[in-house]
Amino acid sequence: MDKDLEAVLHPNVAAKSHSEVGSSRDSPKTPAARSAPSTLQKSLVIGACVATSTVIGGLLIPFVSPGFRRIALPYVPATDSQVKLVASILTRRTPGSRVVDLGSGDGRLVMAAAQKGFNSTGVEMNWWLVLWSRWRSYSLGLSKLTQFIRQDLYKCDLKSYDVIILFGVSGMMETIKKKLAVEMKSDSLFVACRFPLPSATPLEQLGAGIDSVWVYRKSDVIGGFRSN
Numbered sequence: 015m016d017k018d019l020e021a022v023l024h025p026n027v028a029a030k031s032h033s034e035v036g037s038s039r040d041s042p043k044t045p046a047a048r049s050a051p052s053t054l055q056k057s058l059v060i061g062a063c064v065a066t067s068t069v070i071g072g073l074l075i076p077f078v079s080p081g082f083r084r085i086a087l088p089y090v091p092a093t094d095s096q097v098k099l100v101a102s103i104l105t106r107r108t109p110g111s112r113v114v115d116l117g118s119g120d121g122r123l124v125m126a127a128a129q130k131g132f133n134s135t136g137v138e139m140n141w142w143l144v145l146w147s148r149w150r151s152y153s154l155g156l157s158k159l160t161q162f163i164r165q166d167l168y169k170c171d172l173k174s175y176d177v178i179i180l181f182g183v184s185g186m187m188e189t190i191k192k193k194l195a196v197e198m199k200s201d202s203l204f205v206a207c208r209f210p211l212p213s214a215t216p217l218e219q220l221g222a223g224i225d226s227v228w229v230y231r232k233s234d235v236i237g238g239f240r241s242n
């Protein structure tokens with residue numbers, strides 16, 4: 015095959031063959047050139063790998079740690095459809111009302127509520143997500159209407175909130191129902207996303223599938239115990 019055509023079709027092979035010819039004409043390889051990397055080089059490479067693994071592990075721990083708790087609540091961002099459904103429910107309350115999102119993740123629901131004029135609080139255990147939410151809220155000019163707290167959602171006092179939002183998992187909903195029955199105000203609304211309260215009949219259900227949202231009054235929550 016013509017050498018110029020070979021260079022176009024297989025540039026790496028052609029370059030390698032020329033380099034080999036050139037090197038053989040210039041001078042033979044010495045034993046030192048073929049020697050293995052030095053001990054110092056090996057140590058630097060190993061150290062860099064260990065440091066990288068440590069940093070990555072530290073960043074991932076807050077995201078995977080929920081799986082080691084009694085009832086896991088992993089970080090799964092709300093979809094655009096879910097945010098719109100929850101926002102439509104908030105229109106039933108007067109701007110300035112207090113809203114709390116239990117397990118607020120990256121804070122998108124809290125910020126959506128703040129954009130409609132609600133005093134909004136996000137409760138989240140993941141420090142990285144709390145810091146991100148605070149920064150994002152500040153950058154959007156919503157910091158006066160939002161606050162993000164690092165706290166266990168089971169320890170959050172719900173007595174002062176007008177709307178309580180939770181993207182929960184099925185295993186925690188019975189415990190949440192008991193907490194709501196004690197702490198929820200009589201005129202407040204509870205918005206359950208993805209999973210409903212067991213044995214409680216909602217005021218209404220919106221959406222479908224993973225985007226399903228259930229709305230409860232306190233009377234609906236308490237009625238869930240009477241039906242057991």
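When you read off a place in the sequence shown, starting at 1, and then add 14, the result is the number in the working numbering.
Where is the CB? At the ideal position from N, CA and C, for every residue including glycine.
This structure is a prediction, so every number in the text was calculated from the model and none was measured.
- When rounded, the separation of the alpha-carbon atoms in Leu211 and Thr189 is 9 Å.
- Comparing C-alpha distances from Ala101 to each of Ser184, Gly131, Met187 shows the shortest one belongs to Gly131.
- Annotation: the continuous beta strand (DSSP E) that includes Gln161 extends over 160-164.
- In this chain, the beta strand (DSSP E) harbouring Ala206 covers 203-207.
- For Leu145, the uninterrupted alpha helix (DSSP H) run begins and ends at 141-153, by DSSP.
- Taking Val229 as the centre and dropping the five residues before and after it, the same chain places the C-beta of Ile103, Leu203, Val205, Pro216, Leu217, Glu218 closer than 7 Å to its C-beta, in chain order.
- With a cutoff of 9 Å on beta-carbon distance, Thr135 and Tyr89 are scored as not near each other.
- Taking C-beta atoms as the reference points, Pro91 and Gly119 count as a pair closer than 9 Å.
- For Leu167, the closest of Glu197, Arg231, Asp234 by C-alpha to C-alpha distance is Glu197.
- As the crow flies, the alpha-carbon of Ala127 is around 26 Å from that of Ala214.
- Contact annotation: Val137 and Asp115 have beta-carbon atoms nearer than 9 Å.
- The shortest CA-to-CA distance from Val235 to any of Leu156, Asp201, Ser157, Gly223 is the one to Asp201.
- When the alpha-carbon of Lys191 is set against those of Arg112, Lys232, Val113, the nearest one is in Lys232.
- By the CB criterion at 9 Å, Leu194 and Ile179 fall outside the cutoff.
- For Val227, the enclosing beta strand (DSSP E) covers residues 227-231.
- Our two residues, Ile163 and Gly110, have alpha carbons roughly 19 Å apart in a direct line.
- For Arg122, there is no enclosing beta strand (DSSP E); the residue is found in the alpha helix (DSSP H) stretching over 122-129.
- Per DSSP, reduced to three states, the secondary structure at Ser200 is coil, with no helix or strand assignment.
- Here Arg107 is buried. Its C-beta has 16 or more other C-beta atoms within 10 Å.
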